[in-house]
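Trainee: Residue numbers (my numbering): 3 to 217.
C-beta atoms are modelled at their ideal positions from N, C-alpha and C, and glycine is treated no differently.
Following this message is one structure expressed as structure tokens.
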């Protein structure tokens, strides 16, 4: 009986850790698509901010939209930089399109940040001249970027230093537009205090299963 009593807390803890772990989806079509992929574009992140009622009252809808957009572009830039910094250490089977080129092509095509959520991924891939598109989606409780907050006249310190963020990496095929790979991750505490910490934590964990990492 004593052994059972000792094991039960351990099993409960194990189940808790597993239930809180990242969730991964991989399409049965991914391996076939992977062989075709040479260039991948990283889109601006799709960001949603769920501010508390008393915090939301301090900002207009235009200011919230501005915060959201700035954070989305900030996450995009941090993700691209993450891949660049590690390209010498970890080889990838694809090239990642320069985000400045990605954003310029989207702008020239008349696709705004707000349009991205409803645009067909195959159409976007064709405009960008890539084989697949990667996008982060993040749902957060407060702004993360100090620069974005200051841009709309908000003192960042008033928001606190931590944030809970539900974040996802999605990879869509540029030919079929189908979802090929999805990685869900939840960050909180100091990890959610800035886009740099968020992206570093997300990519460190995702890289273990990242489909474009050379084997």
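Applying the criterion that 16 or more other CB atoms from any shown protein chain within 10 Å of the CB defines a buried residue, is residue 152 buried or exposed?
Mentor: The predicted model places residue 152 with a pLDDT of 43, which falls under 50 and marks its position as unreliable, so this point remains unresolved.
Trainee: By how many angstroms is the C-alpha of residue 177 removed from the C-alpha of residue 197?
Mentor: Going by the C-alpha atoms only, they are around 31 angstroms apart.
Trainee: Quick check on the burial criterion: 16 or more other C-beta atoms within 10 angstroms. Buried or exposed for residue 50?
Mentor: Exposed.
Trainee: Going by C-alpha to C-alpha distance, which of 84, 55, 79, 117 sits closest to residue 102?
Mentor: Minimum Cα distance to residue 102 is reached at 79.
Trainee: Buried or exposed for residue 172, going by 16 or more other Cβ atoms inside 10 Å?
Mentor: Flag for residue 172 reads buried.
Trainee: With respect to the alpha helix (DSSP H) encompassing residue 173, which residues constitute its N-terminal and C-terminal limits?
Mentor: That residue, residue 173, is in no alpha helix (DSSP H); its beta strand (DSSP E) goes 167-175.
Trainee: Excluding the five sequence neighbours on either side, which residues of its own chain have a C-beta within less than 6 angstroms of the C-beta of residue 216, listed in chain order?
Mentor: Hits under 6 angstroms: 93, 95.
Trainee: Could you have a look at residue 53 and say whether DSSP puts it in helix, strand or coil?
Mentor: Here residue 53 sits in coil by DSSP.
Trainee: Does the separation of the CB atoms of residue 205 and residue 167 fall below 8 angstroms?
Mentor: No.
Trainee: At a cut-off of 7 angstroms, would you count residue 136 as near the ligand ZN, judging by its Cβ distance to the nearest heavy atom?
Mentor: No copy of the ligand ZN occurs in the structure displayed, which carries no ligand at all.
Trainee: Sorted by chain position, which residues of the same chain lie with C-beta nearer than 6 angstroms to residue 156's C-beta, five sequence neighbours on each side aside?
Mentor: Annotation note: pLDDT 43 at residue 156 (below 50); position unreliable, coordinate value reported separately. Taken in chain order, the list of residues that qualify is empty.
Trainee: Residue 48: which of 129, 200, 183, 119 sits nearest, CA to CA?
Mentor: Here the closest residue by C-alpha is 119.
Trainee: Indicate whether residue 179 and residue 124 have their beta-carbon atoms separated by less than 8 angstroms.
Mentor: Yes, the pair counts as a contact, with Cβ atoms nearer than the cut-off.
Trainee: Per DSSP, which residues does residue 94 bridge with? Please list them.
Mentor: Per DSSP, 215.
Trainee: In the DSSP assignment, what residue or residues form a beta bridge with residue 132?
Mentor: Residue 132 is not bridged to any residue.
Trainee: DSSP three-state call for residue 69: helix, strand or coil?
Mentor: Residue 69 falls in the helix class under three-state DSSP.
Trainee: Looking at residue 30 and residue 183, is the spacing between their C-beta atoms short of 8 angstroms?
Mentor: Contact flag unset, no.
Trainee: Under 8 angstroms between the Cβ atoms of residue 181 and residue 189?
Mentor: Not a contact, by the Cβ cut-off of 8 angstroms.
Trainee: Taking residue 1 as part of the alpha helix (DSSP H), name the residues at either end of that continuous run.
Mentor: In this structure the chain extends from 3 to 217, so residue 1 is not present and cannot be described.
Trainee: Starting from the Cα of residue 100, find the closest Cα among 129, 82, 114 and give me that residue.
Mentor: Minimum Cα distance to residue 100 is reached at 82.
Trainee: Quick one, which of 203, 88, 134, 87 has its alpha-carbon nearest residue 45's?
Mentor: Here the closest residue by C-alpha is 134.
Trainee: Below 8 angstroms between beta carbons: does that hold for residue 85 and residue 98?
Mentor: Result yes, Cβ atoms of residue 85 and residue 98 sit closer than 8 angstroms.
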